[in-house]
Amino acid sequence: MEREPKAAPALDKRKRAVVISVVVLVGFGLGFGAAHLLARYIAYWDIVSGPFFLSLRVASAAIVIAGVTGVASGYMLAKGHFPGRDVLETVGSLPIILPPTVIGYYLLEVLSPGTQVGGFLTRVTGHVFVYNVWGCIIAAAVAAYPFCLRAARSAIAGVDPALEQAARTMGLPNWRVALQVTLPLARRGTAAGLTIGCARALGEYGATLMIGGDINGRTRTMSLAILDSFTTPERDTMLLILVLMAIIAMTGVGLLGRSRS
Amino acid sequence: MTAALELAVARQIGEFNLDVAFTVESGMSVLFGPSGAGKSLTLALIAGLIRPDSGTITINGHVVTDCSRRTYVSTQKRRVGMVFQDGLLLPHRSVIDNVALAVRQTRGRRARRAVARSWLERVGAEGLADRRPGSLSGGQRQRVALARGLAGDPALILLDEPLSALDAEVRRELRELIRGVIISSSVPAVLVTHDAEEAEELGDVIIGYNHGRVTGARVVDRPVCPGPASGAPESTGRA
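First to last, the protein sequences are chains A and B. Numbering of the first sequence is given in this note's numbering, commencing with residue 1 and proceeding in unit increments. Numbering of the second sequence is given in this note's numbering, commencing with residue 1001 and proceeding in unit increments.
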């Protein structure tokens, strides 16, 4: 909107008329398309709303868990000098390297009530962590964790240590230096990691299928529902919705990038 | 009278060996010498940012470092204010929040900001309170850094070449300000510089440094010394 007046003087009247015509035609086309899509989408809403809101809930819980643990362990890796530091970083990055189904298999082995660890967890907490929403949250959190960890670690490591020293000379204890100096200064890099982690949690598929199952109304997230929809008559509608979602996502990313620059 | 600072430390970094001892009583003591003589390293040792290999440091009668007894009081508990060469103001906080963060003697955000504001007034930076450090000039940054260094009611303030990055006119202006504020606040100060004119103008005592050693100390002859000690400071330096 704000850029149009700057570009307009460069165009002569004829070119401007062509541009306006194209914009109007494209606008009408998109408008009709959107109206048509909306009508079909409303009919389809009952099928997608459950997975959609479940995905939002799962991704929100997962990003809180992955964000807190990822930033905390990123801080430890950036600032700490302790044995096993490299091992922690490697293990923390495994969900990026390994196929999601392999991660799902490991999680199933650890969390299933039939295993020693899973049985212990079930006895202690009174909860089962597989084939329910907890399984979906854990799978999404594990998938998002390495992105949060790695982004936080490099952002925290990039903070000028002299500023932290200056804060110490002001009498701030180390925990306040971390919360009031280091983390605020590392916020951009950390936020970027959390954003990617959130997107990863939202799109988690393999591990979620393994430890959440694909139970309609309980653990069927949007990613699982999308695959399921390709075996149903609503395939075309779903395809249109996905294209629209991709356009919205790309526009969002573009706008984010522009506002940051 | 308890010395503001008693120091006798040694520290080896690579091939550089620092081995110094001196005492600061009150007023402004200047560590003067060429670059690489170990002046800034000495300040870092006093502030507790680096540990010495051996020796002791006493601030206001409290032992803060004693290597033989493995005593190392953390930087936060030394009650030392510090002004760095480039200010090192926190870029994500406003000027007043930078200063308020250093206020230790009062609790509550409003009270700390009130103390911070009064210090900003004393250094002539009250108009900068709501600005971000990134929008300040070098001289303005150092005024704020001086306010921040003193706002925590320190037992000792350390100034690490605070004027070296400024142009001549601003340096002259800030020299007067620094000397005036240090004298009026009664906080003993140790300033590092390699500028002879600055050392003469600011120091009550000049402690010479070269190759990691104290080469001598002398009291600067001033016709009038309006300092709180009402007399010549009794700093001594020994190699």
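Backbone N, C-alpha and C fix where the C-beta goes; we use that ideal spot for every residue, glycine too. Keep in mind that this is a model prediction, so the values were computed, not measured.
- According to DSSP, S1029/B shares a beta bridge with V1190/B and V1205/B.
- Ranked by Cα distance from G1216/B, the first of D1086/B, T1023/B and Q1085/B is T1023/B.
- For T1071/B, the nearest beta carbon of chain A is not closer than 7 Å to its own beta carbon.
- The straight-line gap separating the alpha-carbon atoms of P184/A and P173/A is approximately 16 Å.
- If you draw a 10 Å sphere on the C-beta of Q1012/B, you find fewer than 16 other C-beta atoms in it, and that means exposed.
- In the three-state DSSP reduction, I1057/B falls in the strand class (E or B).
- Between G1108/B and A1100/B, the alpha-carbon positions lie close to 10 Å from each other.
- Secondary structure of I1157/B (DSSP, three-state): strand.
- The Cβ of Q116/A sits no closer than 7 Å to any Cβ of chain B.
- The contact set of V1080/B on chain A, defined by CB atoms closer than 7 Å, consists of T169 in chain order.
- For E1006/B, DSSP records a beta bridge to T1023/B and T1058/B.
- Among the residues facing chain A, L1049/B is included, as its CB has a counterpart in that chain under 7 Å away.
- Considering only C136/A, W134/A, A140/A and V177/A, the residue with the shortest C-alpha distance to C198/A is A140/A.
- Your pair R153/A and L77/A checks out as a contact, with CB atoms roughly 5 Å apart and the cut at 8 Å.
- Nearest in C-alpha terms to D160/A, of all of L1090/B, V1219/B, A1129/B and P1162/B, is L1090/B.
- Residue ranges of uninterrupted beta strand (DSSP E) with 3 or more members are absent from the region 182 to 248 of chain A; none lies entirely inside it.
- Two segments are said to touch when three or more pairs of C-beta atoms, one from each, lie closer than 8 Å; by this definition the region 1180 to 1189 of chain B touches the region 1149 to 1165 of chain B.
- By the CB criterion at 7 Å, L1049/B and L1018/B fall outside the cutoff.
- Contact check for V1123/B against R1112/B fails: the beta carbons are separated by 7 Å or more.
- A direct Cα-to-Cα measurement between R1222/B and V1080/B gives close to 27 Å.
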